[in-house]
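Chemist: Numbering (my numbering), first residue to last: 8 to 298. Where is the CB? At the ideal position from N, CA and C, for every residue including glycine. This is the structure, below, for whatever I ask next.
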Amino acid sequence: MKDYIVRATAAEGQVRAFAATTRELVETARKHHNTSPVATAALGRLMTAGAMMGSMMKNDSDMLTLQIRSGGPLGGITVTADSHANVKGYVLNPDVMLPPKNGKLDVGGAVGVGLLQVIKDMGLKEPYSGQTVLVSSEIAEDLTYYFANSEQIPSSVGLGVRMEKNNTVKCAGGFIIQLMPFADEKTISQLEENLKKVTSVTALLEKGYSPEQLLEVLLGNLELEITDTIETGFYCNCSKERVEKAIVSIGKKDIQEMIEEGKDIEVKCHFCNTAYNYTVEDLKRIIKRSR
Ligand SMILES: [Zn+2]
């Protein structure tokens, strides 16, 4: 089954909602980065949110970056997505292993204390940037807090990744539900009641709930209306030329040293781990562009 996101409204537009199934893209990320189960869960949750938040943007060239910088053993997570819900991401330390907490993967422990930064590049002079502290480091709650405090949009975020015993991804997905400023008390309290019934989005995903069914549980009694469905997936647009920019940025002195060593070098794309090879001739060409 392909990954996809459904977009919906409810209560005559007082609520907007997104739900996604992301098993394939999280498994693709796991394969690229060879992430441990807890690293896969952390990266998968942030990528699932990134895909949905990417799809909230309007223009083809808009880019979203979600970055967690934190003190836990995972070291940090970076995810980017475009408005077509193409998403990619990586963690700094992919092989983190932690004992389970309450029978679950300890994402909060792996992430640790830190900051969540959201950058939206919408082709304006300055990209929009909002930053909040991590409140639980479990990612869904941190995004809920971000939406409330940085964008002033009351939201509910649920994200889940479940691993198989063989450490591949069994299921992944989530939802984002947002209240519009004109939402009335009746809608708000009904939504709160509905949300109380969903204690674990992962449990529902594991039972095979589709994004449509997730929204039916959350908004079925609020005149849910699914507006559209879009595909989502792991996609990296790297190339030898793009990765070259990373070499340019390390500076003339270091590149000169590599040339003097006379060996080819290999540089990997952070986002998808694809290795690119640069010969001494390539480096001589690159150093001319470097400062
Ligand atoms: Zn790449």
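For ASP113, count the other beta carbons within 10 Å of its own beta carbon; 16 or more makes it buried, fewer makes it exposed. Which is it?
Modeler: That one is buried.
Chemist: By Cβ distance below 7 angstroms, which residues in the same chain neighbour GLY116 in space, the five residues on each side in sequence not counted?
Modeler: Within the same chain, GLY116 has close Cβ partners GLY79, LEU105 and LYS108.
Chemist: I'd like to check one pair, VAL125 with TYR153: are the Cβ atoms closer than 8 angstroms?
Modeler: Their beta carbons are under 8 angstroms apart, which means TYR153 touches VAL125 by this criterion.
Chemist: Select from THR286, ASP261 and LEU211 the residue whose C-alpha is nearest the C-alpha of GLY269.
Modeler: For the residues THR286, ASP261 and LEU211, the minimum Cα distance to GLY269 belongs to THR286.
Chemist: For PHE182, write down the residues that DSSP places opposite it in a beta bridge.
Modeler: According to DSSP, which records beta bridges pairwise, PHE182 is partnered with ALA26 and GLY165.
Chemist: Please report the Cβ distance between PHE278 and GLY96, rounded to the nearest whole angstrom; I am assuming they are in contact, meaning their Cβ atoms lie under 8 angstroms.
Modeler: Indeed they touch by this definition, with Cβ atoms about 7 angstroms apart.
Chemist: May I ask you to check if the CB of CYS243 is nearer than 7 angstroms to at least one heavy atom of ligand 1?
Modeler: Yes, the Cβ of CYS243 comes within 7 angstroms of a heavy atom of ligand 1.
Chemist: Do MET64 and LEU71 have their CB atoms nearer than 8 angstroms?
Modeler: Yes, Cβ-Cβ distance for MET64 and LEU71 is below 8 angstroms.
Chemist: Exposed or buried, what is PRO5 when buried is set at 16 or more other beta-carbons lying within 10 Å of its beta-carbon?
Modeler: The structure shown does not extend to residue 5, since the chain spans only 8 to 298, so no value can be given for it.
Chemist: Let's see if you can read the secondary structure: which residues bound the beta strand (DSSP E) around GLN124?
Modeler: Taken as a continuous stretch (DSSP letters only), the beta strand (DSSP E) holding GLN124 covers 121-128.
Chemist: Could you check how far apart the C-beta atoms of VAL33 and ALA179 are, in whole angstroms? I think they sit under 8 angstroms.
Modeler: About 4 angstroms; that satisfies the 8 angstroms criterion.
Chemist: Give me, in chain order, the residues of the same chain whose beta-carbon lies closer than 7 angstroms to that of ILE257; leave out the 5 immediate sequence neighbours on both sides.
Modeler: Hits under 7 angstroms: none found.
Chemist: Let me check you understand the geometry: is the CB of THR299 closer than 7 angstroms to at least one non-hydrogen atom of ligand 1?
Modeler: The shown model of the chain, from 8 to 298, leaves out residue 299, and the question about it has no answer.
Chemist: Can the beta-carbon of ASP128 be found closer than 8 angstroms to that of ASP67?
Modeler: Cβ distance not < 8 angstroms, so ASP128 and ASP67 don't count as in contact.
Chemist: Taking the alpha-carbon positions, what's the ILE346 to ASN201 distance?
Modeler: The structure shown has nothing for residue 346, since the chain only spans 8 to 298.
Chemist: In the DSSP assignment, find the beta strand (DSSP E) that holds ILE12 and state where it starts and stops.
Modeler: ILE12 -> beta strand (DSSP E) spans 11-17.
Chemist: For the region 214-231 against the region 10-27, do three or more pairs of beta-carbon atoms, one drawn from each stretch, fall closer than 8 angstroms, so that the two count as touching?
Modeler: Touching, yes, given that three or more Cβ pairs across the two stretches are closer than 8 angstroms.
Chemist: With DSSP as the reference, label TYR242 as helix, strand or coil.
Modeler: Three-state DSSP puts TYR242 in coil, outside helix and strand.
Chemist: Grouping DSSP H, G and I as helix and E and B as strand, with all else coil, what is GLY227?
Modeler: It is coil, neither helix nor strand.
Chemist: Going by beta-carbon coordinates alone, are ALA58 and ALA92 separated by less than 8 angstroms?
Modeler: Yes.
Chemist: Do you know offhand how far VAL255's Cα is from ALA282's?
Modeler: Rounded to whole angstroms, VAL255 to ALA282 spans 17 angstroms at the Cα level.
Chemist: Sorted by chain position, which residues of the same chain lie with C-beta nearer than 6 angstroms to THR29's C-beta, five sequence neighbours on each side aside?
Modeler: Contacts found: ASP10, THR55, ALA179 and GLY180.
Chemist: So the alpha helix (DSSP H) GLY82 belongs to, where does it begin and stop?
Modeler: Careful: GLY82 lies outside any alpha helix (DSSP H) and carries neither H nor E.
Chemist: Measuring only the C-alpha atoms, how far is ILE237 from ILE12?
Modeler: Using only the alpha carbons, I get a separation of about 5 angstroms.
Chemist: By a C-beta neighbour count over all protein chains shown, 10 Å radius and 16 as the cutoff for buried, is ASP163 buried or exposed?
Modeler: Sequence check: residue 163 is Ser here, not Asp. The residue in question, SER163, is buried, as its Cβ has 16 or more Cβ neighbours within 10 Å.
Chemist: Buried or exposed for ALA27, going by 16 or more other Cβ atoms inside 10 Å?
Modeler: Result: buried.
Chemist: What is the DSSP secondary structure of SER196, reduced to helix, strand or coil?
Modeler: In this structure, SER196 counts as helix in the three-state DSSP scheme.
Chemist: Do we get a CB-CB distance below 8 angstroms when we pair GLU158 with the residues of chain B?
Modeler: Among the chains in the structure shown there is no chain B, since it carries only a single protein chain.
Chemist: With distances taken between CB atoms, is the gap from PRO101 to SER144 smaller than 8 angstroms?
Modeler: No, the pair does not count as a contact, with Cβ atoms beyond the cut-off.
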